[in-house]
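> First the structure, which I've put down as structure tokens, then a few questions once you've had a look.
Residue numbers (UniProt numbering): 1 to 222.
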């Protein structure tokens, strides 16, 4: 038992009946920002900044997908991981709590359902809480996701909107609405970048130079 604040200098503490006791550590709050990043673009960067500035999270984990069930990626998973790493290094200071997690890229099989990924993460990081970031279109159909009720019991959601209208959030889904206001950069899409590159047009200003250099080196999206 700690008898005085001096004995716990530099540590969280609480006071009860004149005694000073160490406070239990707060769970690490992690915001998950997943995607194909095929390729990553400034719209992704704005969304990550929005999550950082919300004050809701201690860390943002950027999670490139592995092999997709729902759509065919153009670049392979390792190429998309490399582009994402270059992208994050270009846009965020090293001391900012933005981390890339490659566990989906490293899987030899197809991408797991979100609920399976969350169960894996909660087992691996039992002292952390997780929030899944989604766009408004995804938020409207969350109740159709695989094992939706189990997923809602495991995590919260952060809905990134642009017009203040997230749509109908499914019953039982704990969601926080984050709206940065009108921003034309949020309308950029990976599809648009791929189209421009296929047409031989520049994507300068839409994604950082290190990403553009990697795309050119690998001959992607031609």
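Cβ coordinates follow ideal geometry from the N, Cα and C atoms, glycine included.
Could one say the Cβ of residue 192 lies closer than 8 Å to chain B's Cβ atoms, at least one of them?
This model lacks chain B altogether; it includes just one protein chain.
> Looking at C-beta atoms only, is the number of pairs between the stretch 32-49 and the stretch 57-67 that lie closer than 8 Å three or more?
Yes, they touch.
> Would you check if the distance between the CB atom of residue 227 and the CB atom of residue 153 is smaller than 8 Å?
Past the boundaries of the shown model lies residue 227; the chain is included only from 1 to 222, so the question cannot be answered.
> Below 8 Å, can you find three or more Cβ-Cβ pairs linking the stretch 206-213 to the stretch 84-93?
Touching, yes.
> Are there 16 or more other CB atoms within 10 angstroms of the CB of residue 150, so buried, or fewer, so exposed?
Taking the first residue of the chain shown as 1, we reach residue 150 at position 150. That one is exposed.
> What residues are listed by DSSP as bridge partners for residue 220?
Reading the chain shown from its first residue, position 220 is the one you call residue 220. Residue 220 pairs with nothing; no bridge assigned.
> Go ahead and label residue 126 buried or exposed: buried means 16 or more other beta carbons lie within 10 angstroms of its beta carbon, across all protein chains shown.
Mapped onto the chain shown, residue 126 falls at position 126. Burial call: exposed.
> Closest by CA to residue 102, which one among 148, 79, 128, 144?
Counting from 1 along the chain shown, the entry for residue 102 is found at position 102. Of 148, 79, 128, 144, the residue nearest in Cα terms is 79.
> How is residue 94 classed by DSSP in three states: helix, strand or coil?
Mapped onto the chain shown, residue 94 falls at position 94. Coil, per DSSP.
> Between 179, 100, 106, which has its C-alpha nearest residue 161's C-alpha?
As a working mapping, residue 161 is identified with position 161 in the chain shown. For the residues 179, 100, 106, the minimum Cα distance to residue 161 belongs to 179.
> What residue from 117, 29, 191 has the CA that sits closest to residue 41's CA?
As a working mapping, residue 41 is identified with position 41 in the chain shown. Taking only the C-alpha atoms, the option nearest residue 41 is 191.
> How long is the line joining the alpha carbons of residue 215 and residue 198, rounded to whole angstroms?
The residue you call residue 215 lines up with position 215 of the chain shown. The residue you call residue 198 lines up with position 198 of the chain shown. Cα to Cα, residue 215 sits roughly 12 Å from residue 198.
> Roughly how many angstroms lie between the CA atoms of residue 38 and residue 74, to the nearest whole one?
Stepping through the chain shown from its first residue, residue 38 is reached at position 38. Stepping through the chain shown from its first residue, residue 74 is reached at position 74. Computed Cα separation, rounded: 7 Å.
> What are the start and end residues of the beta strand (DSSP E) that includes residue 64?
Within the chain shown, the letter at position 64 stands for residue 64. Note, residue 64: beta strand (DSSP E), 59-64.
> Rounded C-beta distance between residue 129 and residue 56? I'm assuming under 8 Å.
Looking up residue 129 in the chain shown gives position 129. Looking up residue 56 in the chain shown gives position 56. In fact, because the Cβ distance is near 10 Å, the residues do not count as touching under 8 Å.
> Distance check for residue 118 and residue 156, CA to CA, integer angstroms please.
On the chain shown, residue 156 is found 156 positions in, with the first residue counted as 1. On the chain shown, residue 118 is found 118 positions in, with the first residue counted as 1. Their backbone Cα atoms lie some 11 Å apart in a straight line.
> Checking 8 Å against the spacing of the C-beta atoms, do residue 53 and residue 30 come in under that value?
Here residue 53 is taken as the residue at index 53 of the chain shown, counted from 1. Here residue 30 is taken as the residue at index 30 of the chain shown, counted from 1. Not in contact: residue 53 and residue 30 (Cβ atoms no closer than 8 Å).
> Any idea what DSSP makes of residue 33, helix, strand or coil?
Numbered from 1 along the chain shown, position 33 holds the residue referred to as residue 33. Correct three-state label for residue 33: strand.
> Compute the Euclidean distance between the alpha carbons of residue 76 and residue 25, then round it to the nearest angstrom.
Taking the chain shown and counting its residues from 1, the one referred to as residue 76 is at position 76. Taking the chain shown and counting its residues from 1, the one referred to as residue 25 is at position 25. Those two C-alpha atoms are separated by around 40 Å.
> How about residue 114 and residue 145: do their beta carbons lie closer than 8 Å?
Walking along the chain shown from the start, residue 114 turns up at place 114. Walking along the chain shown from the start, residue 145 turns up at place 145. Taking 8 Å as the Cβ cut-off, residue 114 and residue 145 qualify as a contacting pair.
> Does the beta-carbon distance from residue 48 to residue 98 come in below 8 Å?
Mapped onto the chain shown, residue 48 falls at position 48. Mapped onto the chain shown, residue 98 falls at position 98. In this structure, residue 98 lies closer than 8 Å to residue 48 by Cβ.
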